[in-house]
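Last residue of the sequence shown: 136 (full-length UniProt numbering), numbering continuous.
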Amino acid sequence: MHQLPCALEALVVRTDFSADGAWDAVRVALCSPSRDGFLANVALVDDRRYEGLTPESALDLIPAEYEHPLLVLADSVAVASTDLPLLVVDLRRERGRCVRVVAAELWSIENNLMEANMDFEEFVGAIDDDGVFRGF
1 MHQLPCALEA
11 LVVRTDFSAD
21 GAWDAVRVAL
31 CSPSRDGFLA
41 NVALVDDRRY
51 EGLTPESALD
61 LIPAEYEHPL
71 LVLADSVAVA
81 STDLPLLVVD
91 LRRERGRCVR
101 VVAAELWSIE
111 NNLMEANMDF
121 EEFVGAIDDD
131 GVFRGF
């Protein structure tokens, strides 16, 4: 596989191409401000070269210059649900640790980790019974 692109924003990588409508919904959710006007600072990667990419294999494809504390995968689980539970991969404290977050709440994790206001562990500790972070 090819190295992931380098960006200042958090990469959101499409890894499942079975549902274009779901990817469109992810894009809309990530580009729509929260009730309080917050947005995730993201760069969308829609490239079939990353089809089937897993968190483990993604770690090997991150450029050395990529400084964001997380990577996001829009995988088959995410596109199969109306909540669009994206897979967020920690790239700092516990590199490779994952948590699912509904697309509409990605801003919370992205903003707070980038500003070092919160730790990844705090989001992991706030997941619902089904293992998905839906906000505080």
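The beta carbon of each residue, even a glycine, is placed where N, CA and C say it ideally should be. Since this is a predicted model, take the numbers as computed values, not measurements.
Query                                                                                                                : Result
Straight-line gap, N41 to V77 (C-alpha atoms, nearest Å)                                                             : 22 Å
Neighbourhood of G52 by C-beta distance below 7 Å, restricted to the same chain and skipping five residues each side : T15
Host beta strand (DSSP E) of P85 (start-end)                                                                         : P85 to D90
Short Cβ contact (7 Å threshold) for Q3 with P69                                                                     : no
Straight-line gap, G125 to E67 (C-alpha atoms, nearest Å)                                                            : 24 Å
N- and C-terminal bounds of the alpha helix (DSSP H) containing G100                                                 : The question names Gly, but residue 100 in the sequence shown is Arg. Not the alpha helix (DSSP H): R100 falls in the beta strand (DSSP E), residues C98 to V102.
R92 burial status per 10 Å Cβ neighbour count (16 or more: buried)                                                   : exposed
Assigned exposure category for R100 - 16 Cβ within 10 Å defines buried                                               : buried
C28 classed as buried or exposed, judged by whether at least 16 other C-beta atoms fall within 10 angstroms          : According to the sequence shown, residue 28 is Val rather than Cys. Exposed is the call here.
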